[in-house]
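Protein chains: 2
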Amino acid sequence: MAPDVTSEWDTHTAISPAGDGVFDAVLDPGWVVGGGVNGGYVLGVVGRAIAASVPAKPHPLSVSAYYLSASRPGPAQVSTRVLREGGTVATVAAELGQEGTTRISVLATYGDLRAMPSDVATTAVEPALPPLEECVPGSLAPEETRRIAPVMDRFDLRFDPACIGWATGRPSGNGHIQAWLRMVDGHPLDAVGLLMVCDALPPVTFDLGRPGWAPTLELTVHVRAVPAPGWLRVSHRTRNLAGGLFEEDCEVWDTAGRLVAQSRQLAMQPRP
Amino acid sequence: MAPDVTSEWDTHTAISPAGDGVFDAVLDPGWVVGGGVNGGYVLGVVGRAIAASVPAKPHPLSVSAYYLSASRPGPAQVSTRVLREGGTVATVAAELGQEGTTRISVLATYGDLRAMPSDVATTAVEPALPPLEECVPGSLAPEETRRIAPVMDRFDLRFDPACIGWATGRPSGNGHIQAWLRMVDGHPLDAVGLLMVCDALPPVTFDLGRPGWAPTLELTVHVRAVPAPGWLRVSHRTRNLAGGLFEEDCEVWDTAGRLVAQSRQLAMQPRP
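First to last, the protein sequences are chains A and B.
Okay, so the first sequence: first residue is 1 according to the UniProt record's numbering, each after it adds one.
Okay, so the second sequence: first residue is 1 according to the UniProt record's numbering, each after it adds one.
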């Protein structure tokens, strides 16, 4: 018998075409965090539907998601509408709904990263993360935390000890959290999977001593390369908490030393 | 007779309701740059229509624009659709079209910045710009440049001399351009005006020695405060040119020393 090589990520983001650019999906309860479903996972499901709507452009280059209401585990429909498809890129509008209520509205431009110029000129610096064995596994989180955030069981996360003070009541105040990440089943992620990785870590406001729910208004992800297999390094920072909001900048680096994704989200400041 | 206090910006972004969430506009030829109309200006026109569609939420908090085709001077229609309006924020989808062709598609969340918490915790640092009188006026640009870019006449721009080497064939290679900016008529800009400011400077790739047209795929602007009247400081940086694309991060600071807007765009790398 052939071994089962379907990853948990592929299973949880499976979609089936229902005609007219609509795709059916089922949001898995394993991605629950607090009162809803992880926004990065929901975006991954939408991202997969968009890829299916423009088969010649398999990779997200830029995806912007506006979060309208909390998603719940269970059936969902993704409706896609191709706004323009040219030779190099295609732009698509998409919405994910549940029982007639829109959860997120998305605009995205997809292309084929393998066909883009290979020229790289970066001044960005790889996150300085201690070796895996010196980092703090997410599995050490208290049982109570893990019960309200089953999403933590989707990943193998290893936090930089310098950025994990918030877990023991000593946040650094720098607005910085970084970690090694791979999926719990060890399967590598594709380019669409990076949409989820950009929203996988706890809110960076934890490191500012502001715990609590920080609802995302908007998340934009730019994908710049298909990630190499293996551990990803994920870094989140915020520089400006103002107007009741804060931005969270994320970088994802792969084992080949490439900055494979950059994202920024705008979230509501947690209530004191 | 009362003096005319209507600013050029207000005149150029004027919209008139045409019913069912549609607004008529006229794109002014004064914003032409090369073969099209400046994308920030077009976004400003859309931003004004969105504000009109949700009158209790006058300020853009987050606006994401996907550019589909080059806009031309002349009539345009903006269609808006309110996706959700709650007590604090409203999310709206909008498209600007000309003669049946969509130019840009936009998702946005608006609110009232005056009603948001005044708490500020920023680690962002104000751009180190020399005093106005030590900076290089945009009006010194060669006649030929100004002829293909009438948009330059909309602003009083004063470039940091350390970031203007590209104008004389000596780009710094740092991927950084910054300048003082105000409108040519001296009128202050409102929060919607910041959408345009984030796309007003020349592409930051000029400073990498890569001149040429860099078409924007996507631009997201976060507005965090209504700007104080007076000169704005605008800083553009890129850190990662890869996959045929580059990101351009912009910050806008006001005279009150506040980071009033942050933006990131993804653009196609100019052809060598």
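C-beta: ideal position from N, C-alpha, C; glycine also.
Between the CA atoms of residue j and residue i - distance to the nearest angstrom
i: residue 13/B; j: residue 80/B; result: 16 Å
i: residue 92/A; j: residue 131/B; result: 45 Å
i: residue 150/B; j: residue 77/A; result: 46 Å
i: residue 15/B; j: residue 7/B; result: 14 Å
i: residue 34/B; j: residue 174/A; result: 43 Å
i: residue 120/A; j: residue 115/B; result: 44 Å
i: residue 262/B; j: residue 5/A; result: 43 Å
i: residue 112/B; j: residue 191/B; result: 10 Å
i: residue 187/B; j: residue 253/A; result: 44 Å
i: residue 158/B; j: residue 183/A; result: 49 Å
i: residue 212/B; j: residue 166/B; result: 12 Å
i: residue 216/B; j: residue 235/A; result: 26 Å
i: residue 270/B; j: residue 90/A; result: 19 Å
i: residue 99/A; j: residue 51/B; result: 29 Å
i: residue 201/B; j: residue 140/B; result: 15 Å
i: residue 256/A; j: residue 224/A; result: 13 Å
i: residue 2/B; j: residue 118/A; result: At residue 2/B the pLDDT is 47, less than 50, meaning the model places this residue with poor confidence; the figure from the coordinates comes in the next sentence. Each residue's alpha carbon lies about 60 Å from the other.
i: residue 56/B; j: residue 133/A; result: 53 Å
i: residue 146/A; j: residue 189/B; result: 48 Å
i: residue 142/A; j: residue 247/A; result: 27 Å
i: residue 156/A; j: residue 135/A; result: 11 Å
i: residue 163/B; j: residue 38/A; result: 42 Å
i: residue 85/A; j: residue 32/A; result: 35 Å
i: residue 138/A; j: residue 22/B; result: 50 Å
i: residue 243/A; j: residue 144/A; result: 32 Å
i: residue 214/B; j: residue 251/A; result: 23 Å
i: residue 288/A; j: residue 87/A; result: A question about residue 288/A goes unanswered here, because the residues of chain A that appear run from 1 up to 272.
i: residue 228/A; j: residue 148/A; result: 32 Å
Contact set between residue i and chain B, taken where Cβ atoms lie within less than 8 Å
i: residue 119/A; result: 241, 242, 244 and 269
i: residue 277/A; result: Past the edges of chain A, shown from 1 to 272, lies residue 277/A, and the structure says nothing about it.
i: residue 168/A; result: Going along chain B, no residue has its Cβ under 8 Å from residue 168/A, so there is no contact; the nearest lies around 21 Å.
Residue closest to residue i, alpha-carbon to alpha-carbon, out of the options
i: residue 237/A; options: 42/B, 114/B and 122/B; result: 122/B
i: residue 20/B; options: 32/B, 38/B and 53/B; result: 53/B
i: residue 10/A; options: 47/A, 22/A, 39/A and 37/A; result: 47/A
i: residue 104/A; options: 36/A, 185/A, 176/A and 250/A; result: 36/A
i: residue 265/B; options: 102/B, 195/B and 82/B; result: 195/B
i: residue 241/B; options: 40/B, 228/B, 267/B and 258/B; result: 267/B
i: residue 249/A; options: 232/A, 176/A and 144/A; result: 176/A
i: residue 96/B; options: 71/B, 38/B, 85/B and 88/B; result: 71/B
i: residue 40/A; options: 88/A, 218/A, 243/A and 247/A; result: 218/A
Beta carbon of residue i nearer than 8 Å to that of residue j
i: residue 49/A; j: residue 94/A; result: yes
i: residue 30/B; j: residue 153/B; result: yes
i: residue 59/A; j: residue 260/A; result: no
i: residue 64/B; j: residue 220/A; result: yes
i: residue 44/A; j: residue 230/A; result: no
i: residue 110/B; j: residue 109/A; result: no
i: residue 83/A; j: residue 102/B; result: yes
i: residue 210/B; j: residue 124/A; result: no
i: residue 127/B; j: residue 233/B; result: yes
Any chain C beta carbon closer than 8 Å to residue i
i: residue 197/B; result: Included in the structure are the protein chains A and B, with no chain C among them.
8 Å contact criterion, which residue i and residue j should meet: CB distance rounded
i: residue 178/B; j: residue 245/B; result: Wrong, their Cβ atoms sit about 22 Å apart, outside the cutoff.
i: residue 75/B; j: residue 42/B; result: Between residue 42/B and residue 75/B the Cβ distance is about 13 Å, and since that is not below 8 Å, they are no contact.
i: residue 161/B; j: residue 207/B; result: That pair is no contact at about 13 Å.
i: residue 181/A; j: residue 197/A; result: 6 Å
i: residue 69/A; j: residue 222/A; result: About 26 Å separates the two Cβ atoms, so there is no contact after all.
i: residue 28/A; j: residue 73/A; result: 6 Å
Listed by chain order, chain A residues near residue i by CB distance under 7 Å
i: residue 187/B; result: None at all; the shortest Cβ gap to chain A is about 23 Å.
i: residue 36/B; result: Chain A residues near residue 36/B: none, gap ~15 Å exceeds 7 Å.
i: residue 6/B; result: Within chain A, no residue comes near residue 6/B; the closest Cβ sits about 28 Å away, beyond 7 Å.
i: residue 80/B; result: Those do not exist, as residue 80/B stays about 13 Å from chain A at its closest Cβ, beyond 7 Å.
i: residue 124/B; result: 239 and 240
Contacts of residue i in chain B (Cβ-Cβ under 9 Å)
i: residue 255/A; result: Chain B residues near residue 255/A: none, gap ~16 Å exceeds 9 Å.
i: residue 89/A; result: 217 and 268
i: residue 107/A; result: 64, 65, 66, 93, 105, 106, 107 and 218
Cross-chain neighbours of residue i in chain A, by beta carbon under 8 Å
i: residue 62/B; result: 66, 217, 218 and 266
i: residue 116/B; result: 243, 244 and 245
Residue i Cβ short of 7 Å to the ligand ATP heavy atom set
i: residue 218/A; result: This structure lacks the ligand ATP, and indeed carries no ligand of any kind.
Neighbour list for residue i in chain B, Cβ cutoff strictly below 7 Å
i: residue 224/A; result: 240, 242, 243 and 245
i: residue 262/A; result: 240 and 247
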